[in-house]
Structure formats: C-alpha cells, structure tokens
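Participant: What follows is a single structure, and I will ask about it in a moment.
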Amino acid sequence: REIWRVQFALAKLRKAARTLLTLDPKDPKRVFEGEALLRRMSRYGLLNEDELELDFVLQLTTQKILERRLQTKVFKQGLAKSIHHARVLIRQRHIRVGSQLVNVPSFNVRTSSEKHIDFATNSPYGQGPPGRNARKR
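FYI, in UniProt numbering the residues of the sequence shown are 1 to 137.
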C-alpha cells in the first residue's frame, strides 16, 4: 500500500511536469508553476541543484522518493538497528525532527531538517545507552 501511494504521488508529479513541458517555454503558467514544482522537488531533496529542469522530474523513481522517508533516514543515520526497528522507534514516539516529535514513518524529510533527526528528549534512548530508567527517590 505504501509503495502504491508513492507511485501515485510520483505519477501526479510526472503528469504535472509533462503538461508544463507541452506549454511554450515563455508561457507565464509554465514559468510560474514550473519554478514552484522544481523548488518543491529540491526542498525535499528529490532533485539536486544541477538538475533543476522539468526533464529531470520525469526521470524520478519511486526509489528516490522512498529514500526521503523518515523511516529510511533514521535507519541510514544509525539510530536504529534495522529498517523495521526504525519504524517501531518512530511509531513509539522516540524520534523527533528538530523540536517536533514525529510518529509517522512515511514523513517526508526536507533537506534542511535532515540533520536535525534525533531521539526525543523524553525518550529513554535519548540520554544514553538504551535501557530502563532508575526511579528517582
């Protein structure tokens, strides 16, 4: 189901790019909406700075979009032992992005907030090695 959802989102992006490519290059609609689409793609890290053209939107793959998910990022940064462990940590509210607690594994991480992925402050994983907390007396 998640892959279908990503494929559908990708199909909508590619369709928008295709319709914009059929317009005249000087058409104000193509300029305005094309810039907005490319800005969104670069903000989410789907396109590099040197790939900011509508032709590159058509070359996007589901793999590229799935790489931007919070679940994948948590695993790649070494906060979780496996991709499945990453999903469990996120659902159990142990992961935050910036100061915001996120419990949705399919959350798309922006390039600006990618370096702010960490354990939540109130999480037992956040203070040190995982384990139980001693009771305060």
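All residues carry an ideal CB built from backbone N, CA and C; glycine is no exception.
(1) Please classify ASP50: does DSSP put it in a helix, a strand, or coil?
(2) Nearest to residue 138 by alpha carbon, out of ILE3, ARG93, GLY34?
(3) Which residues in the same chain have their Cβ closer than 8 Å to the Cβ of ASP24, if we skip the five residues on either side of it in sequence?
(4) Are LEU37 and LEU13 touching if we call contact CB-CB under 9 Å?
(5) Where do the ends of the beta strand (DSSP E) carrying ARG96 lie?
(6) Indicate whether LEU66 and VAL6 have their beta-carbon atoms separated by less than 9 Å.
(7) Less than 9 Å between the C-beta atoms of LEU54 and ALA17, yes or no?
(8) Can you tell me whether LEU58 is buried or exposed? The criterion is at least 16 other CB atoms within 10 Å of its CB, across all chains shown.
(9) Leaving out five residues on either side along the sequence, give the residues of the same chain with a beta carbon under 8 Å from the beta carbon of THR64.
(10) Among ILE117, SER113, LEU70, SER42, which has the Cα closest to the Cα of PRO105?
(11) Please list, in chain order, all residues of the same chain as ILE83 whose beta carbon is under 6 Å from its beta carbon, the five residues on each side excluded.
(12) Any idea if ILE3 is buried or exposed, counting beta-carbon neighbours within 10 angstroms, 16 or more meaning buried?
(13) For ASN103 and LYS136, I'd like the C-alpha separation in whole angstroms.
(14) Since LEU60 and LEU101 should fall inside the 8 Å C-beta cutoff, what is the C-beta to C-beta distance between them, to a whole number of angstroms?
Facilitator: The relevant details are as follows:
(1) Mapped onto the sequence shown, residue 50 falls at position 50. Three-state DSSP puts ASP50 in a helix.
(2) Since the displayed the chain opens at 1 and closes at 137, residue 138 lies outside it and no answer follows.
(3) Taking the sequence shown and counting its residues from 1, the one referred to as residue 24 is at position 24. Close CB contacts of ASP24 within its chain, under the 8 Å cut and outside five residues either way in sequence, are with ARG30 (chain order).
(4) On the sequence shown, position 37 is the one that residue 37 refers to. On the sequence shown, position 13 is the one that residue 13 refers to. Judged by beta-carbon spacing, LEU13 lies within the 9 Å limit of LEU37, meaning their Cβ atoms are closer than that value.
(5) Residue numbering aside, residue 96 sits at position 96 when the sequence shown is read from its first letter. Where ARG96 is concerned, the enclosing beta strand (DSSP E) stretches over 95–97.
(6) The sequence position of residue 66 within the sequence shown is 66, counting from 1. The sequence position of residue 6 within the sequence shown is 6, counting from 1. In this structure, LEU66 places its C-beta atom within 9 Å of the C-beta atom of VAL6.
(7) Reading the sequence shown from its first residue, position 54 is the one you call residue 54. Reading the sequence shown from its first residue, position 17 is the one you call residue 17. For LEU54 and ALA17, yes; Cβs fall inside 9 Å.
(8) Stepping through the sequence shown from its first residue, residue 58 is reached at position 58. When all chains shown are included, LEU58 counts as exposed.
(9) As a working note, residue 64 is residue 64 in the sequence shown. The residue asked about is misnamed: residue 64 is Lys in this sequence, not Thr. The beta carbon of LYS64 lies closer than 8 Å to those of LEU46 in the same chain, with the five residues before and after it left out.
(10) Taking the first residue of the sequence shown as 1, we reach residue 105 at position 105. Check the Cα spacing between PRO105 and each of ILE117, SER113, LEU70, SER42: the tightest is with LEU70.
(11) Counting from one through the sequence shown, the residue named residue 83 turns up at place 83. PHE75, listed in sequence order.
(12) The residue given as residue 3 occupies position 3 in the sequence shown. ILE3 is exposed by the Cβ-count criterion.
(13) For this step, residue 103 is matched to residue 103 along the sequence shown. For this step, residue 136 is matched to residue 136 along the sequence shown. Roughly 28 Å separates the two Cα atoms.
(14) On the sequence shown, position 60 is the one that residue 60 refers to. On the sequence shown, position 101 is the one that residue 101 refers to. LEU60 to LEU101, Cβ: 30 Å. No contact.
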